[in-house]
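> There's a structure below that I have some questions on.
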Amino acid sequence: MAGLPTVPEYLNPDSIRTGLSRRKVLDQVFVIVGLVLMFACLGILAVLFMNLVLDGSERFGWDFFTNFPSRRAERAGILGAWVGTSLIMLVTAFCAVPVGVAAAIYLEEYAPKNWFTAIIEINVTNLAGVPSIVYGLLALGLFVYQFGLGQSIAAAGLTLALLILPIVIVATRESIRAVPKSIREAAYGLGATRWEVTKDHVLPYSTGGILTGMILGLSRAIGETAPIITIGALSFIAFLPSSPITSEFPFISFAWLKDPFTAMPIQMFNWVSRPDQAFQANAAAAGAILLGMTLLMNAVAIWIRYRFRKKINW
Amino acid sequence: MVSTAATQSNDLVSRSGLRYRKIRDRIIETLLLAAGLVAVFTTLAIVVILLTESSAFFEHVSLKDFLTDTMWTPLFADAHYGILPLVAGTLTTTIVALIVAVPVGTIIAIYLSEFASHRLRETVKPILELLGAVPTVVYGYFALTAVTPLLQKLMPELPGFNMLSAGLVIGLMIVPYVASVSEDAMRSVPRYMREGSYAMGATRLQTALRVVVPGAFSGLAAAFILGISRAVGETMVVAIAAGMQPNFTFDPREQAATITAYIVQVSLGDLPHGSIGYQSIFAAGLVLMLITLIFNVIGFSLTRKFREAY
Numbered sequence: 011m012a013g014l015p016t017v018p019e020y021l022n023p024d025s026i027r028t029g030l031s032r033r034k035v036l037d038q039v040f041v042i043v044g045l046v047l048m049f050a051c052l053g054i055l056a057v058l059f060m061n062l063v064l065d066g067s068e069r070f071g072w073d074f075f076t077n078f079p080s081r082r083a084e085r086a087g088i089l090g091a092w093v094g095t096s097l098i099m100l101v102t103a104f105c106a107v108p109v110g111v112a113a114a115i116y117l118e119e120y121a122p123k124n125w126f127t128a129i130i131e132i133n134v135t136n137l138a139g140v141p142s143i144v145y146g147l148l149a150l151g152l153f154v155y156q157f158g159l160g161q162s163i164a165a166a167g168l169t170l171a172l173l174i175l176p177i178v179i180v181a182t183r184e185s186i187r188a189v190p191k192s193i194r195e196a197a198y199g200l201g202a203t204r205w206e207v208t209k210d211h212v213l214p215y216s217t218g219g220i221l222t223g224m225i226l227g228l229s230r231a232i233g234e235t236a237p238i239i240t241i242g243a244l245s246f247i248a249f250l251p252s253s254p255i256t257s258e259f260p261f262i263s264f265a266w267l268k269d270p271f272t273a274m275p276i277q278m279f280n281w282v283s284r285p286d287q288a289f290q291a292n293a294a295a296a297g298a299i300l301l302g303m304t305l306l307m308n309a310v311a312i313w314i315r316y317r318f319r320k321k322i323n324w
Numbered sequence: 008m009v010s011t012a013a014t015q016s017n018d019l020v021s022r023s024g025l026r027y028r029k030i031r032d033r034i035i036e037t038l039l040l041a042a043g044l045v046a047v048f049t050t051l052a053i054v055v056i057l058l059t060e061s062s063a064f065f066e067h068v069s070l071k072d073f074l075t076d077t078m079w080t081p082l083f084a085d086a087h088y089g090i091l092p093l094v095a096g097t098l099t100t101t102i103v104a105l106i107v108a109v110p111v112g113t114i115i116a117i118y119l120s121e122f123a124s125h126r127l128r129e130t131v132k133p134i135l136e137l138l139g140a141v142p143t144v145v146y147g148y149f150a151l152t153a154v155t156p157l158l159q160k161l162m163p164e165l166p167g168f169n170m171l172s173a174g175l176v177i178g179l180m181i182v183p184y185v186a187s188v189s190e191d192a193m194r195s196v197p198r199y200m201r202e203g204s205y206a207m208g209a210t211r212l213q214t215a216l217r218v219v220v221p222g223a224f225s226g227l228a229a230a231f232i233l234g235i236s237r238a239v240g241e242t243m244v245v246a247i248a249a250g251m252q253p254n255f256t257f258d259p260r261e262q263a264a265t266i267t268a269y270i271v272q273v274s275l276g277d278l279p280h281g282s283i284g285y286q287s288i289f290a291a292g293l294v295l296m297l298i299t300l301i302f303n304v305i306g307f308s309l310t311r312k313f314r315e316a317y
């Protein structure tokens, strides 16, 4: 009489039980490792940000915003930098948003499915991965010298506009894609042309996403340093660009577009790279303000996204 | 009342009205297409500018010197044009950054996607995305004023500028990025695959490591490649914290210039248009683009090879 086949070791209830409890312990260990790493990362960053604000706190004050850079750290301010940054952002938004939204509309609503459209799409994806300093080189060769814009606010604004174009396009496309097909088809059914469908139905529904994309793009542009150093921003500027508003007719002047400039991140970089310790406090203060601006813009973007998501019920 | 409505609809439907609307549509379509083409022209312009300016550079410098000389001193009287020191600096900081960012980013992503509660995930994800928006010059300040002094306490002989501190901070900077993109990839692995695994008696960790991670591999590869691209192209952190002296070494404790730091250094000075120094930054930029391109091609083929279709 042949005996029952022996039960293999791995089916032995005891070894299953020990194996299982060991695996459960591993699970717990992983949870702890994951939590620790995550909070370590967030914690380190939080400490660094707090340090930045503390280091800079002695410089915060009205004078910091209304003074030009100076050789004496405690008198140096960011007047030229924040004015420059604001004007650059104006140019960037003015160029990137219409072009980006138009490109996104084309890709989502008009483009036929063929190799040509595929080329445009691949380009948009690839541009998002190009290192930002390469945009600086492009702008140096193209805008500064070929187009003769010089080292001006216009050149900087255009550079950053190209840089954030992919962000605006991708965000707009996503929000356009979220509009249900039925809405378009209802409009087509009433005889609307493609543009009428887009303008009267698709765009109003995707405004939230477009605004979000625009703000996220600008918040990226505001902190970009490398490309505008490359086109030759000056770090020591003790004058303002010419005023956009004049006292004579037609009251608006565009002379500032051609003026040399400095910007917040450039000013910070300049102060960081000085050996004199006193300037580190200026760098920290400028950094804290820059950080505050980006976080504020992102918070607004998140809020807009939330508001519009809540408002629309298909 | 009735008659105005009738005229209006007549205007819209009448042949001339329809033709006007169709012509308007055509014009608008062309304008929109032109906007789309801006992306294509940007790429073309990048390639053309880098190639033309670099070709002027290579009229003075032989390709052999460029690739084999171990000194990069274009602005000195005794000019050497070997790109190797800059490439070494770029690769060293990138490797240090990846040693931090890949394991930490992946573990955080696995934790968030497979273990964390819905509420924790919905709180942490936006924070991670917010961290991606912090200007890099701010991270440079951290590297120089916080991380380097800390490292100097551990390693007293560490110089004030070093690649280690820059690399670590770049790593910390791209952790949120890698974590966020990897988490998206793992979340897109269908639920039934996890449930199949649980039904076989696997624990969460086993399911995560043996089912979800392999299933999301192409997405993870894409996340790593994006991280590498950011580390290679990162400029301000290295320009501030790693020094700007070209130095042919792979030792992260030393100071060295990266490709990007060199471009910044030259741009800060006032080099005349058309001089060899001016052309050299375009040659450096071309090499940077090629390195990024190589990593992207590797990433693309990995993604292709390991793509799982559900």
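Residue numbers (my numbering), protein chains in the order written: chain A, 11 to 324; chain B, 8 to 317. Ideal Cβ positions, reconstructed from N, Cα and C, are used throughout, including at glycine. Here the structure is a predicted model, which is why all the values come from computation and not from measurement.
Within 10 angstroms of its Cβ, does B:Gln286 collect 16 or more other Cβ (buried), or is it exposed?
Buried: at least 16 other Cβ atoms inside 10 Å.
> Taking the alpha-carbon of B:Tyr184 as reference, which of B:Leu135, B:Gly306, B:Glu36, B:Leu44 has the nearest alpha-carbon?
Minimum Cα distance to B:Tyr184 is reached at B:Leu135.
> Let me know if A:Trp125 comes out buried or exposed under the rule of 16 or more other beta-carbons within 10 Å of its beta-carbon.
Exposed.
> Between which two residues does the alpha helix (DSSP H) holding A:Pro176 run?
First-last of the alpha helix (DSSP H) with A:Pro176: 163 to 187.
> Are the C-beta atoms of B:Asp191 and some chain A residue less than 8 Å apart?
No, no contact with chain A.
> For B:Lys29, would you say it is in contact with chain A, using Cβ-to-Cβ distances shorter than 8 Å as the test?
With 8 Å as the cut-off, B:Lys29 counts as an interface residue toward chain A.
> Consider the Cβ of B:Phe122: report whether some Cβ of chain A lies at a distance smaller than 8 Å.
Yes, B:Phe122 lies at the interface with chain A (some Cβ there is under 8 Å from its Cβ).
> With a threshold of 8 Å, are at least 3 pairs of Cβ atoms found where one atom belongs to the region 228 to 243 of chain B and the other to the region 105 to 120 of chain B?
Yes, the region 228 to 243 of chain B touches the region 105 to 120 of chain B.
> Distance, Cα to Cα, A:Ser25 vs B:Arg126?
Roughly 37 Å between the two C-alpha positions.
> How close, in whole Å, do the beta carbons of A:Tyr275 and A:Gly227 come, if the pair is a contact with beta carbons under 8 Å?
For the record, residue 275 of chain A in the displayed sequence is Pro; it is not Tyr. In fact, because the Cβ distance is near 16 Å, the residues do not count as touching under 8 Å.
> List, in chain order, every chain A residue whose beta-carbon is nearer than 9 Å to that of B:Asn303.
By Cβ distance, chain A contributes Asn136, Gly139.
> Quick check: what's the CA-CA separation for A:Pro23 versus A:Arg32?
Distance between the alpha carbons of A:Pro23 and A:Arg32 is about 14 Å.
> Whose CA, out of A:Cys105, A:Phe74, A:Glu19, lies closest to the CA of A:Ala231?
Considering only alpha carbons, the answer is A:Cys105.
> Identify which residue in A:Gly53, A:Met48, A:Leu117 has its Cα closest to the Cα of B:Thr113.
Of the candidates A:Gly53, A:Met48, A:Leu117, the one whose C-alpha sits nearest the C-alpha of B:Thr113 is A:Met48.
> For B:Leu295 and B:Thr267, what's the separation of their Cα atoms in angstroms?
Those two C-alpha atoms are separated by around 8 Å.
> Would you mind telling me which residues of chain A sit closer than 8 Å to B:Phe289, beta carbon to beta carbon, in chain order?
The answer, in chain order, is Leu147, Gly151.
> Just the Cα atoms here: how many angstroms apart are A:Val109 and A:Ser229?
So the alpha carbons of these two residues sit roughly 18 Å apart.
> Thinking B:Ala228 and B:Phe313 are a contact (beta carbons under 8 Å), I'd like their distance in whole angstroms, please.
Between B:Phe313 and B:Ala228 the Cβ distance is about 7 Å, and since that is below 8 Å, they are a contact.
> From A:Val212 to A:Ala196, what does the alpha carbon distance come to, in whole angstroms?
Cα-Cα distance, rounded: 12 Å.
> In its own chain, which residues sit with a C-beta less than 7 Å from the C-beta of A:Met99, not counting the 5 before and 5 after it?
Only Leu228, Ala231, Ile232 meet the Cβ criterion.
> Could you check whether the region 252 to 265 of chain B touches the region 79 to 99 of chain B, counting it as contact only if at least three pairs of C-beta atoms, one from each stretch, sit closer than 8 Å?
Yes, since at least three Cβ pairs between the region 252 to 265 of chain B and the region 79 to 99 of chain B fall closer than 8 Å, the two stretches touch.
> Between the region 198 to 215 of chain B and chain A, which residues of the former have a C-beta closer than 9 Å to a C-beta of the latter?
Of all residues in the region 198 to 215 of chain B, Gly208, Ala209, Thr210, Arg211, Leu212, Gln213, Ala215 have a Cβ within less than 9 Å of some Cβ in chain A.
> Report the rounded CA-to-CA distance for B:Phe224 versus B:Arg201, giving the unit in angstroms.
If you take the alpha carbons of B:Phe224 and B:Arg201, they lie about 15 Å apart.
> Measure the CB-CB distance between A:Phe78 and A:Ala166 and report whether it falls below 8 Å.
In this structure, A:Ala166 does not lie closer than 8 Å to A:Phe78 by Cβ.
> Among residues of its own chain, excluding the 5 on either side of B:Met8, which ones have a beta-carbon nearer than 8 Å to its beta-carbon?
Caution is warranted here: a pLDDT of 41 is assigned to B:Met8, below 50, making its placement in the model unreliable, and the coordinate value is therefore given only provisionally. Counting only Cβ-Cβ distances below 8 Å, and skipping sequence neighbours, we find nothing.
> If contact is defined by three or more beta carbon pairs under 8 Å, each pair taking one atom from either stretch, is the region 171 to 182 of chain B in contact with the region 238 to 247 of chain B?
Yes, the region 238 to 247 of chain B touches the region 171 to 182 of chain B.
> Start and end of the alpha helix (DSSP H) containing B:Gly284?
Taken as a continuous stretch (DSSP letters only), the alpha helix (DSSP H) holding B:Gly284 covers 283 to 313.
> Going along the region 154 to 167 of chain A in order, which residues come within less than 8 Å of chain B, judged by CB to CB distance?
Within the region 154 to 167 of chain A, the residues whose Cβ lies closer than 8 Å to some Cβ of chain B are Tyr155, listed in chain order.
> Should A:Val207 and A:Arg194 be called a contact, given that it needs their Cβ atoms to be closer than 8 Å?
Taking 8 Å as the Cβ cut-off, A:Val207 and A:Arg194 qualify as a contacting pair.
> Are the C-beta atoms of B:Glu36 and some chain A residue less than 8 Å apart?
Judged by the 8 Å Cβ criterion, B:Glu36 is in contact with chain A.
> Quick one: measure Cβ to Cβ for B:Leu57 and B:Phe289, integer angstroms, because I've assumed they're closer than 8 Å.
Correct: roughly 6 Å between the Cβ atoms.
> Which full runs of the alpha helix (DSSP H) of 4+ residues lie inside the region 81 to 143 of chain B, going along the chain?
Whole alpha helix (DSSP H) segments, 4+ residues: 91 to 117, 125 to 138.
> Roughly how many angstroms separate the alpha carbons of A:Leu55 and B:Ala140, rounded to a whole number?
Distance between the alpha carbons of A:Leu55 and B:Ala140: 13 Å.
> Return the Cβ separation of B:Gly284 and B:Pro92 in integer angstroms, given the expectation that the two are a contact with Cβ distance under 8 Å.
B:Gly284 to B:Pro92, Cβ: 16 Å. No contact.
> Scan the region 47 to 77 of chain A and note each continuous alpha helix (DSSP H) run of 4 residues or more that stays entirely inside, going in chain order.
Qualifying alpha helix (DSSP H) stretches, in chain order: 72 to 76.
> Pull out every residue of the region 216 to 232 of chain A whose Cβ sits closer than 8 Å to any Cβ of chain B, in chain order.
If the cut-off is 8 Å between Cβ atoms, the region 216 to 232 of chain A has Leu226, Ser229, Arg230, Ile232 near chain B.
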